[in-house]
Amino acid sequence: MTRKTVLGEVREVQLAIELIGLGARLQFLEAEVGLSRERLIRLYKEIKGVSPPKGLLPFSTDWYMTWLANIHSSMFYNIYQFMKIHSDEEKVWILIKSYKLYLQQIAAQDSEPILDFTRAYTMVRFFDSDMLQLSTCSRCAGQFVAHAHDHKSGYVCVLCRPPSRAGKARGAKRGAVAGIAGDGMVFGVEPALEGGLH
Amino acid sequence: MNVANGEISREIGDVNLAYMLLAQKLVKQDRVAAMFRLGISSELADMLAGMSLAQILKLAASNFLLCSFRLNEHASMSAVVGEGKDTTLQQAHMAILMSARTLQMQKNTVPA
Ligand SMILES: [Zn+2]
Numbered sequence: 001m002t003r004k005t006v007l008g009e010v011r012e013v014q015l016a017i018e019l020i021g022l023g024a025r026l027q028f029l030e031a032e033v034g035l036s037r038e039r040l041i042r043l044y045k046e047i048k049g050v051s052p053p054k055g056l057l058p059f060s061t062d063w064y065m066t067w068l069a070n071i072h073s074s075m076f077y078n079i080y081q082f083m084k085i086h087s088d089e090e091k092v093w094i095l096i097k098s099y100k101l102y103l104q105q106i107a108a109q110d111s112e113p114i115l116d117f118t119r120a121y122t123m124v125r126f127f128d129s130d131m132l133q134l135s136t137c138s139r140c141a142g143q144f145v146a147h148a149h150d151h152k153s154g155y156v157c158v159l160c161r162p163p164s165r166a167g168k169a170r171g172a173k174r175g176a177v178a179g180i181a182g183d184g185m186v187f188g189v190e191p192a193l194e195g196g197l198h
Numbered sequence: 199m200n201v202a203n204g205e206i207s208r209e210i211g212d213v214n215l216a217y218m219l220l221a222q223k224l225v226k227q228d229r230v231a232a233m234f235r236l237g238i239s240s241e242l243a244d245m246l247a248g249m250s251l252a253q254i255l256k257l258a259a260s261n262f263l264l265c266s267f268r269l270n271e272h273a274s275m276s277a278v279v280g281e282g283k284d285t286t287l288q289q290a291h292m293a294i295l296m297s298a299r300t301l302q303m304q305k306n307t308v309p310a
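In the order they appear, the protein sequences are chains E and R.
65 is the number that my numbering gives to position 65 of the first sequence; each next residue is one higher, with no gaps.
310 is the number that my numbering gives to position 112 of the second sequence; each next residue is one higher, with no gaps.
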């Protein structure tokens, strides 16, 4: 995997810098970048000023089904899918580009990113291994992240059928645009909307 | 009436010009990202990138708007606009629908 040419190594370092900047975990870096663990840790410290945090990559698909997480995941995955079809770059660069576009979209909406880079990466892996799919909403025709092998007919997305708590909190804060991100955090930790989605 | 019509034509021309120039700028900056944002094919993106200002001006001076509604289904449109949704959610919904639409457009143009 390690390319022994100078140019190849420059590319790997560029890739590492890009990934560290976006907040990739060490595990991810080791899997995607052909540099030694020691060099990756050194790079990480230089860029971030701290040692890379320890901890495992998230491994559950349930997180992507919670209300706000599902909205953000769907935004990201739609972008990623487009990029995958139309871009001829390497997969990891497509991921980087899609994630940056997602961040731009969020910035344009004046809200906070809910999907971090590691979650985005893990989600792509879940799609690749057929654990997640895009389901088409029967009301708005949008495509949303869903568990694979869910029933496809009659699916209604989280935006067309928000959970009842979302409606209440929104009613209370109507007009207070600044409160939206805060609301989102509350909904983000709600359990998956089992039953309500299909 | 004629004067008003002339004014409308000019306004359409202005929108066309602004749209074409923005589209060209986006394509030159980042081709694939521009395809995503504009919802256009790679062939069209390449063509836009290669157009001269004279060509753009000529195309823009038309009685027809060159950009069209991308949410061209009543159901999708009302799903986004309706029900007093707050702005952030509305924009998120729009972003998801737009992405799906551009993909659908691309799929339809690819022969099976
Ligand atoms: Zn929907």
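All C-beta atoms in this analysis are idealised placements derived from N, C-alpha and C, irrespective of residue type, glycine included.
These figures come from a predicted structure and were not determined experimentally.
For this session: Keeping to the same chain, check which residues put their C-beta closer than 8 Å to that of Ala221 of chain R; ignore five residues upstream and five downstream.
Result: Closer than 8 Å at Cβ, skipping near neighbours: Ala232, Leu236, Ile238, Leu246.
Problem set entry | DSSP-derived helix/strand/coil call for Val33 of chain E | coil
Problem set entry | Cβ-heavy atom distance, Val279 of chain R to ligand 1, below 8 Å | no
For this session: For chain R, find out if any of its Cβ atoms is closer than 9 Å to the Cβ of Leu95 of chain E; answer yes or no.
Result: With 9 Å as the cut-off, Leu95 of chain E does not count as an interface residue toward chain R.
Problem set entry | Euclidean distance between Cα positions of Leu15 of chain E and Val33 of chain E | 7 Å
Problem set entry | Complete beta strand (DSSP E) runs within the region 136–164 of chain E (minimum length 3 residues, chain order) | 143–147
Problem set entry | CB contact below 9 Å: Phe144 of chain E versus chain R | yes
For this session: Spatial neighbours of Leu215 of chain R within its chain, please: CB distance less than 6 Å, with the 5 preceding and 5 following residues excluded, ordered by chain position.
Result: The answer, listed in chain order, is Ala258.
Problem set entry | Span separating the alpha-carbon of Asp62 of chain E from that of Ile254 of chain R | 49 Å
Exercise. Are the Cβ atoms of Phe28 of chain E and Leu56 of chain E separated by less than 9 Å?
Worked result: no
Exercise. In terms of DSSP beta bridges, what is Gln133 of chain E paired with?
Worked result: E:Ala146
For this session: Identify each residue in the region 65–78 of chain E for which the Cβ-Cβ distance to at least one residue of chain R is less than 7 Å, and report them in chain order.
Result: For the region 65–78 of chain E, residues whose beta-carbon sits nearer than 7 Å to a beta-carbon of chain R comprise Ile71, Ser74, Met75, Asn78.
Exercise. Is DSSP giving Leu263 of chain R helix, strand or coil here?
Worked result: Three-state DSSP puts Leu263 of chain R in coil, outside helix and strand.
Exercise. Using 9 Å as the limit for Cβ to Cβ distance, is Gln109 of chain E near chain R?
Worked result: Judged by the 9 Å Cβ criterion, Gln109 of chain E is in contact with chain R.
Exercise. How about Gly142 of chain E: is its Cβ closer than 8 Å to a heavy atom in ligand 1?
Worked result: yes
For this session: Starting from Arg25 of chain E, follow the alpha helix (DSSP H) in both directions and report where the run begins and ends.
Result: Premise fails: Arg25 of chain E is in no alpha helix (DSSP H) and is neither H nor E.
For this session: Note down, in chain order, all residues in the region 116–141 of chain E with a beta-carbon under 9 Å from any beta-carbon belonging to chain R.
Result: Leu134, Thr136, Cys137, Arg139, Cys140, Ala141
Exercise. So which residues of chain R does Gln14 of chain E contact, with C-beta pairs closer than 7 Å?
Worked result: In chain order: nothing, as chain R lies at least about 17 Å away.
Exercise. Does any residue of chain R bring its CB to less than 9 Å from the CB of Pro162 of chain E?
Worked result: yes
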